[in-house]
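In the order they appear, the protein sequences are chains A and B. Per this note's numbering, residue 178 is the first one in the first sequence, and the count goes up by one each step. Per this note's numbering, residue 6 is the first one in the second sequence, and the count goes up by one each step.
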Amino acid sequence: MTILQGRGQAAPARRFTPDEAVDFVVIGSGTAGGSVARELTRLGHNVVLLEQGKQYTRADFHHDEFATVFNNGYCNTPPSHIQTWRKTPNEKAEPRHYLVYATAVGGSSMHYAANYWRFRPGDFNEFSRKGAVRGAAMADWPITYDELEPYYTAVEWAIGVSGQGGVDPNEGRRSRQYPMPPLDLNGPGVLLEVAAKKLGWRALPAPMAIASRPYNGREACHNCGFCWYFPCEWGAKSGTNFTMVPEALASGRCELRTECKVSSIESDNRGRVTGVVYFDQDRREVRQRASAVFLCANGAETPRLLLMSRSNRFQNGLANSSGMVGKHLMFNGNTGAAAEFEHEVNGYRGAPVTRIVLDTYETHDKGHYGGGGFDFRYPFPPLLSSLNMPPDGPQWGADFKRNLRRLHTRISHCWGHTTQLPQATNAVDLDPEAKDSWGLPAIRVTFKEHDADLKFYKYMFDRGVELLKAAGAVRTWGNPPGDDPGNAVHMLGTCRMGNDPGTSVVNASHRAHDVPNLFIVDGSSFVTSGRGQPTLTIQALAFRAAEHASRMAKRGELG
Amino acid sequence: MSDSFSRRDFVATVGSIGAVWLLADAAERGEALAHAAHQVQQAQPTLQFFTREQAADVEAFASRIIPTDDTPGAREAGVVYFIDRSLATFLKDQAPAFTDGLTKLSRDVGRKFRGQTRLSALTPAQQDEVLKSIEKTPFFGTMRFATLAGMFSLPTYGGNLDFVGWKLMGQENAMEFRAPFSWYDQPANRRALLGGDA
Numbered sequence: 178m179t180i181l182q183g184r185g186q187a188a189p190a191r192r193f194t195p196d197e198a199v200d201f202v203v204i205g206s207g208t209a210g211g212s213v214a215r216e217l218t219r220l221g222h223n224v225v226l227l228e229q230g231k232q233y234t235r236a237d238f239h240h241d242e243f244a245t246v247f248n249n250g251y252c253n254t255p256p257s258h259i260q261t262w263r264k265t266p267n268e269k270a271e272p273r274h275y276l277v278y279a280t281a282v283g284g285s286s287m288h289y290a291a292n293y294w295r296f297r298p299g300d301f302n303e304f305s306r307k308g309a310v311r312g313a314a315m316a317d318w319p320i321t322y323d324e325l326e327p328y329y330t331a332v333e334w335a336i337g338v339s340g341q342g343g344v345d346p347n348e349g350r351r352s353r354q355y356p357m358p359p360l361d362l363n364g365p366g367v368l369l370e371v372a373a374k375k376l377g378w379r380a381l382p383a384p385m386a387i388a389s390r391p392y393n394g395r396e397a398c399h400n401c402g403f404c405w406y407f408p409c410e411w412g413a414k415s416g417t418n419f420t421m422v423p424e425a426l427a428s429g430r431c432e433l434r435t436e437c438k439v440s441s442i443e444s445d446n447r448g449r450v451t452g453v454v455y456f457d458q459d460r461r462e463v464r465q466r467a468s469a470v471f472l473c474a475n476g477a478e479t480p481r482l483l484l485m486s487r488s489n490r491f492q493n494g495l496a497n498s499s500g501m502v503g504k505h506l507m508f509n510g511n512t513g514a515a516a517e518f519e520h521e522v523n524g525y526r527g528a529p530v531t532r533i534v535l536d537t538y539e540t541h542d543k544g545h546y547g548g549g550g551f552d553f554r555y556p557f558p559p560l561l562s563s564l565n566m567p568p569d570g571p572q573w574g575a576d577f578k579r580n581l582r583r584l585h586t587r588i589s590h591c592w593g594h595t596t597q598l599p600q601a602t603n604a605v606d607l608d609p610e611a612k613d614s615w616g617l618p619a620i621r622v623t624f625k626e627h628d629a630d631l632k633f634y635k636y637m638f639d640r641g642v643e644l645l646k647a648a649g650a651v652r653t654w655g656n657p658p659g660d661d662p663g664n665a666v667h668m669l670g671t672c673r674m675g676n677d678p679g680t681s682v683v684n685a686s687h688r689a690h691d692v693p694n695l696f697i698v699d700g701s702s703f704v705t706s707g708r709g710q711p712t713l714t715i716q717a718l719a720f721r722a723a724e725h726a727s728r729m730a731k732r733g734e735l736g
Numbered sequence: 006m007s008d009s010f011s012r013r014d015f016v017a018t019v020g021s022i023g024a025v026w027l028l029a030d031a032a033e034r035g036e037a038l039a040h041a042a043h044q045v046q047q048a049q050p051t052l053q054f055f056t057r058e059q060a061a062d063v064e065a066f067a068s069r070i071i072p073t074d075d076t077p078g079a080r081e082a083g084v085v086y087f088i089d090r091s092l093a094t095f096l097k098d099q100a101p102a103f104t105d106g107l108t109k110l111s112r113d114v115g116r117k118f119r120g121q122t123r124l125s126a127l128t129p130a131q132q133d134e135v136l137k138s139i140e141k142t143p144f145f146g147t148m149r150f151a152t153l154a155g156m157f158s159l160p161t162y163g164g165n166l167d168f169v170g171w172k173l174m175g176q177e178n179a180m181e182f183r184a185p186f187s188w189y190d191q192p193a194n195r196r197a198l199l200g201g202d203a
């Protein structure tokens, strides 16, 4: 295999046989799995990395909005990925393409907008600080910001994050500056600076997992603008497809197997996992033996696979003695308001986000539980933009055409990113009837917004409109989110971490409470949702989990 | 607006506007998209699916969604070829429904203008009258979405000839941009807006 990106030189392909118990099988090559594979190989372990999607190279990527956005390029789509959805547990779930995630090497990091906010210290103990909320299963994290800080720094330097530490007076302790300065300020970024100044708030340079300078042999961002929801044509986005996975492969200790769909994790009568069963590219069933397994398949696929891995010993599903597998599904809330400005904003040029405002990070004094932050952006490529002209204006004809001509370059959105409360009834489980094209049970999503969240989205939406007006908007439009968002990304919370085996799935080291040689790390590990940009925290958790697992493996504690 | 553009929502927007366009099998569609693009590169535009009369009606329809004035519209962008090629390749399974829609359109034309069956034979004002009368129908939604998709998708799909759609919107087709990107981030304008904070 040729290594296409990253600092490593191409190493000879490493191959393992299915009967050979490899040190670790890692399921999923996204933000978490790709990072775990890189860290485990760096620490000397052999890894088989399984990815359900394909591996793409820069040459595969393009400005093709119709394929990428409108035909869900790179993402989970029927019939290979079937989902059903319902609002409450007593309804029958109906087929619906609801959760959206990339199925490719790099997972969703291959096409993310790359907002790389750290959590603040208070994100880890919100329950202690604020107390209970009716209908929500709030809890503190079993780790603190200070415990995670070295891993935040390690990730920022390993993959290449651009930003400026030390300008946000409320950020947590930082042991090292970002490796690269912020990306070039663009039109929406300046408008947010203007707005923040007027409201007495602070516009901060956005921390982004995009290289602002050449980094580890990768190109710097060329500001082409086909960024949000697009894989990077320059290789400047720091997703694991361009960083962690190539480095894992270059170590000579990792075999990547693509288009492999894991159907179960097998365990023995001692309650240890022994390996995984998957369908390979030709849909042949393969049984890969392993000394230990890392499950990093995302907040929807991870609980699904545990629930599919039932055995005599684990009749509720693997690692599910608590009954918490799949529960507490969270996405983060998103609010959006739009505005027209007098001059050209050209949001399609540059990084999707260049400035953020975090003055609403805590809103307890305003009567809300959580908090959030804002950015200004208009990353909509032409077709999506044309479908989102002001809804009260003409939608066809000469006046519509005039709007297209004038507004595409003059719109900025204000996006709010918020907390979302964990609720036990919001869940991922197995649909009793629907199956995907492998014959595996479909993901069934049960999701209803919490009233306190809906109230908070309204608050954030209104602040967003204020920001747009403060920036000098000619006019604004939009509505606060209702209780049925069309689609969801950021699947969080479904195998939460905790110290109590009765109320959580993994411990503070991401080891399953029930299974000593099974580790689970991805968005599912989250106890609370954070403020809308979870990816850096997922990756820092993955670095930390890999280090802990490696230490245990070297001490012989995984047998 | 909430259901029209946030990260969580944008696919839904697309779905509600152009649902019929999103039902095809995704795996097959990937190959077919490439196939369609390849064919366009191969040949001068020729019709693969529509009859000439159907094509004239589709073109007339699209031209009322994005008319031609002092700048090119859907007609000059070749939107009809985008739709034709889609229905001949990656949206083959939706072709019968589309044909039904065109047949109904002929009836709608006849109801408004006795003795007429073809939208393309009417004046632009008459065409607008027909379109207004069916503005709320799913077929109108499909035609609007198809027109915009043909206008703004890459020219390799058969429409957006010479990027006229992108030019209309002011979207420059480039692999690279350098700051300043806009009026607002030009240093002098930013300084004027922010004063000492710039």
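Note that the Cβ used here is the ideal one computed from N, Cα and C, for glycine as well.
So what's D133(B) in DSSP terms, helix, strand or just coil?
Position 128 of the second sequence holds residue 133(B). Note: D133(B) maps to helix in three-state DSSP.
Closer than 8 Å to chain A by CB, Y86(B):
For this step, residue 86(B) is matched to residue 81 along the second sequence. By this cut-off, Y86(B) is not an interface position.
So for F471(A), helix, strand or coil by DSSP?
If you number the first sequence from 1, residue 471(A) lands on position 294. Of the three classes helix, strand and coil, the one that applies to F471(A) here is strand, per DSSP.
For R430(A), count the other beta carbons within 10 Å of its own beta carbon; 16 or more makes it buried, fewer makes it exposed. Which is it?
For this step, residue 430(A) is matched to residue 253 along the first sequence. Buried.
In chain order, what residues of the same chain have a beta carbon less than 6 Å from the beta carbon of G210(A), not counting five sequence neighbours either side?
For the purposes of this step, residue 210(A) is taken as the residue at position 33 of the first sequence. Cβ-Cβ distances below 6 Å link G210(A) to V203, C473 in the same chain, with the five nearest sequence neighbours on each side left out; the list follows chain order.
Can you tell me which residues form a DSSP beta bridge with D552(A)?
Looking up residue 552(A) in the first sequence gives position 375. Looking at the DSSP assignment, D552(A) forms a beta bridge with I533(A), W592(A).
What is the DSSP secondary structure of A528(A), reduced to helix, strand or coil?
As a position in the first sequence, residue 528(A) is number 351, starting the count at 1. DSSP places A528(A) outside both helix and strand once states are collapsed to three, so it counts as coil.
Which residue marks the beginning of the beta strand (DSSP E) containing I204(A), and which one marks its end?
Position 27 of the first sequence holds residue 204(A). 199-204 is the extent of the beta strand (DSSP E) around I204(A).
Residues of the segment 475-494 of chain A with a CB closer than 7 Å to any CB of chain B: list them in chain order, please.
none
What is the residue span of the alpha helix (DSSP H) that A209(A) lies within?
In the first sequence, counting from the first residue as 1, residue 209(A) sits at position 32. 208-219 is the extent of the alpha helix (DSSP H) around A209(A).
Give the secondary structure of N580(A) by DSSP, where H, G and I count as helix, E and B as strand, and everything else as coil.
To locate residue 580(A), count along the first sequence from 1; it is residue 403. If DSSP states are grouped into helix, strand and coil, N580(A) belongs with the helices.
Ordered along the chain, which non-local residues of its own chain (more than five positions away) have a Cβ less than 6 Å from that of A244(A)?
Numbered from 1 along the first sequence, position 67 holds the residue referred to as residue 244(A). Only G250 meet the Cβ criterion.
What is the rounded straight-line gap between the Cα of A198(A) and the Cα of V463(A)?
Your numbering for residue 198(A) matches position 21 in the first sequence. Your numbering for residue 463(A) matches position 286 in the first sequence. Roughly 13 Å between the two C-alpha positions.
Inter-stretch contact at 8 Å, needing at least 3 Cβ pairs: the segment 374-385 of chain A / the segment 211-219 of chain A
no
Compare the beta carbon distance of V162(A) and E519(A) with 8 Å and say whether it is the shorter of the two.
As displayed, chain A neither begins before 178 nor continues past 736, which places residue 162(A) out of reach and without an answer.
Quick one: what's got a C-beta closer than 7 Å to A373(A)'s C-beta in the same chain, skipping five residues either side?
One-based indexing of the first sequence puts residue 373(A) at position 196. Excluding residues within five positions, the ones whose Cβ falls inside 7 Å are R379, A380, V534.
At a CB-CB cut-off below 9 Å, which residues of chain B make contact with T586(A)?
Residue mapping note: residue 586(A) aligns to position 409 of the first sequence, counting from 1. By Cβ distance, chain B contributes M174, G175, Q176, S187.
Residues near W405(A) by beta carbon distance below 7 Å, same chain, minus five either side:
Numbered from 1 along the first sequence, position 228 holds the residue referred to as residue 405(A). The residues are A290, P529, P556.
Segments of 4+ residues assigned as alpha helix (DSSP H) that fall wholly inside the segment 221-267 of chain A
242-245
Neighbouring residues, chain B, relative to V530(A) (Cβ below 7 Å)
Here the question's residue 530(A) lines up with position 353 in the first sequence. In chain order: nothing, as chain B lies at least about 12 Å away.
Could you say which of A722(A), D677(A), W592(A), A648(A) lies nearest to G549(A) if we only look at CA atoms?
As a first step, residue 549(A) must be located in the first sequence, where it is residue number 372. Among A722(A), D677(A), W592(A), A648(A), the Cα nearest to that of G549(A) is on W592(A).
Nearest-angstrom Cβ-Cβ length linking K682(A) and M501(A), presumed shorter than 8 Å:
Looking up residue 682(A) in the first sequence gives position 505. Looking up residue 501(A) in the first sequence gives position 324. The amino acid at residue 682(A) is misidentified as Lys; the sequence shows Val. Indeed they touch by this definition, with Cβ atoms about 5 Å apart.
Buried or exposed, going by whether 16 or more other CB atoms sit within 10 Å of the CB of E33(B)?
If you number the second sequence from 1, residue 33(B) lands on position 28. In this predicted model, E33(B) has a pLDDT of only 44, less than 50, meaning its place in the structure is not dependable enough to derive any value.
Given that a residue counts as buried once 16 or more other Cβ atoms are within 10 Å of its Cβ, and exposed if not, what is G163(B)?
What you label residue 163(B) is simply residue 158 of the second sequence in a count that begins at 1. Classification for G163(B): buried.
Who are the Cβ neighbours of L220(A) in its own chain at under 6 Å, not counting the five residues just before and after it?
The residue you call residue 220(A) lines up with position 43 of the first sequence. Hits under 6 Å: S727.
Buried or exposed: where does E181(B) fall if 16 or more other Cβ atoms within 10 Å of its Cβ makes it buried?
Position 176 of the second sequence, counting from 1, holds the residue named residue 181(B). Flag for E181(B) reads exposed.
What span of residues does the alpha helix (DSSP H) with E478(A) cover, start to end?
The residue you call residue 478(A) lines up with position 301 of the first sequence. Counting along the chain, the alpha helix (DSSP H) containing E478(A) begins and ends at 478-485.
For a quick check, are the C-beta atoms of T420(A) and A335(A) less than 8 Å apart?
As a first step, residue 420(A) must be located in the first sequence, where it is residue number 243. As a first step, residue 335(A) must be located in the first sequence, where it is residue number 158. In contact: T420(A) and A335(A) (Cβ atoms closer than 8 Å).
Using 8 Å as the threshold, is the segment 484-500 of chain A in touch with the segment 620-633 of chain A, meaning 3 or more CB pairs across them?
no
Is there a Cβ of chain A sitting closer than 8 Å to that of F54(B), yes or no?
Taking the first residue of the second sequence as position 1, residue 54(B) is located at position 49. It does not: the Cβ of F54(B) has no partner Cβ on chain A nearer than 8 Å.
Apart from the five residues just before and just after G35(B), which ones in its own chain have a Cβ nearer than 6 Å to its Cβ?
Against the second sequence, residue 35(B) aligns to sequence position 30. Bear in mind that a pLDDT of 49 at G35(B), under 50, signals an unreliable position, so the model cannot answer this.
Since W378(A) meets chain B, which of its residues come closer than 7 Å, beta carbon to beta carbon?
Residue mapping note: residue 378(A) aligns to position 201 of the first sequence, counting from 1. Near W378(A) there are no residues of chain B at all, since even the closest Cβ is about 12 Å away, more than 7 Å.
Please list, in chain order, all residues of the same chain as R192(A) whose beta carbon is under 8 Å from its beta carbon, the five residues on each side excluded.
For the purposes of this step, residue 192(A) is identified with residue 15 of the first sequence, where counting begins at 1. Excluding positions up to five away in sequence, the list reads E432.
Count the other CB atoms, across all protein chains shown, that sit within 10 Å of the CB of Q393(A); report buried if there are 16 or more and exposed otherwise.
To locate residue 393(A), count along the first sequence from 1; it is residue 216. At residue 393(A) the sequence reads Asn, which differs from the Gln that was named. Buried, because 16 or more other Cβ atoms sit within 10 Å of the Cβ of N393(A).
Roughly how many angstroms separate the alpha carbons of N489(A) and V310(A), rounded to a whole number?
Counting from one through the first sequence, the residue named residue 489(A) turns up at place 312. Counting from one through the first sequence, the residue named residue 310(A) turns up at place 133. So the two alpha carbons sit approximately 37 Å from each other.
Would you tell me roughly how many angstroms separate the C-alpha atoms of H687(A) and E478(A), rounded to the nearest one?
Numbered from 1 along the first sequence, position 510 holds the residue referred to as residue 687(A). Numbered from 1 along the first sequence, position 301 holds the residue referred to as residue 478(A). Distance from the CA of H687(A) to the CA of E478(A), rounded to the nearest whole angstrom, comes to 17 Å.
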